[in-house]
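Have a look at the structure below before the remarks.
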């Protein structure tokens with residue numbers, strides 16, 4: 079049954095469920111009869127607002143039911159809801175407990191959430207070494223955000239020996255996994271020559287990838303590259319456009335830089 083649940087989650091993560099013919103009423107009936115797979119599916123529908131009105135509280139209730147039924151993955155989903163305070167009152171301690179259960183069950187994202195909680199000391203006693211161990215597990219399991227946070231630990235030398243090269247490798251893995259923040263930070267390392275050979279052109283390419291991926295900071299960094307002519311041909315018009323894009327995304331730095339070039 080747990081393997082079925084994992085497959086279901088993979089389907090949702092790639093958007094396959096959007097085109098499915100899942101019947102919420104039928105799923106609810108089956109869930110009430112004890113079919114945990116139906117509970118999990120229904121919790122996702124409520125979480126995403128597909129076929130039903132988005133309802134985090136209902137999603138949390140269904141995830142709780144599946145978690146109580148032995149589905150570690152659902153414990154992880156519930157832990158994430160407690161972490162974000164969606165559908166439930168934000169509770170880092172509860173999130174840590176649920177994430178631990180899901181992490182022990184092999185749910186990589188929950189290992190990442192738990193690692194972040196240990197990093198920040200939220201809901202658990204701050205422990206950088208424990209954080210690094212959990213984030214490594216999450217990163218190895220394909221959770222790109224975990225790779226980024228772990229990269230930060232290696233960069234700062236917290237819980238692990240400081241290693242800029244290792245940090246760069248982790249940011250590269252996150253970037254390759256489609257996590258735009260990893261591309262931005264890696265671009266910064268190439269810009270400064272930390273852990274990698276300084277390469278302004280490579281830095282600009284990474285900032286471009288991040289900006290294209292919807293990361294406002296990536297747009298600002300690329301704008302700075304164009305303004306300075308680092309790795310790209312100097313172009314204040316392009317720089318201003320990039321700052322404007324970042325501003326539209328809600329990043330104040332983009333607004334400030336746009337205003338400066340617009341004077």
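Numbering (the working numbering), first residue to last: 79 to 341. Glycine included, each C-beta is placed from N, C-alpha and C at the ideal position. No experiment lies behind these values; they were computed from the predicted model shown.
In terms of alpha-carbon separation, which member of 258, 223 and 267 lies closest to residue 242? 267
C-alpha distance - residue 133 paired with residue 159, whole-angstrom precision: 12 Å
Cut-off 6 Å between Cβ atoms - residues of its own chain near residue 172, not counting five sequence neighbours on either side: 160
Pull up the distance between the alpha-carbon of residue 107 and that of residue 168, whole angstroms please. 30 Å
Given residue 296 as reference, the closest of 305, 306, 284 and 229 once Cα atoms are compared: 284
Hey, quick one: how far does the alpha helix (DSSP H) through residue 278 stretch, first residue to last? 278-290
Taking the alpha-carbon of residue 250 as reference, which of 333, 166 and 229 has the nearest alpha-carbon? 229
State buried or exposed for residue 148, treating a residue as buried only when at least 16 other CB atoms are found within 10 Å of its CB. exposed
Identify, in the order they occur along the chain, each residue of the same chain with its Cβ nearer than 6 Å to the Cβ of residue 321, setting aside the five sequence neighbours on each side. 301, 332, 335 and 336
Buried or exposed: which applies to residue 258, given that a residue is buried once 16 or more other Cβ atoms fall within 10 Å of its Cβ? buried
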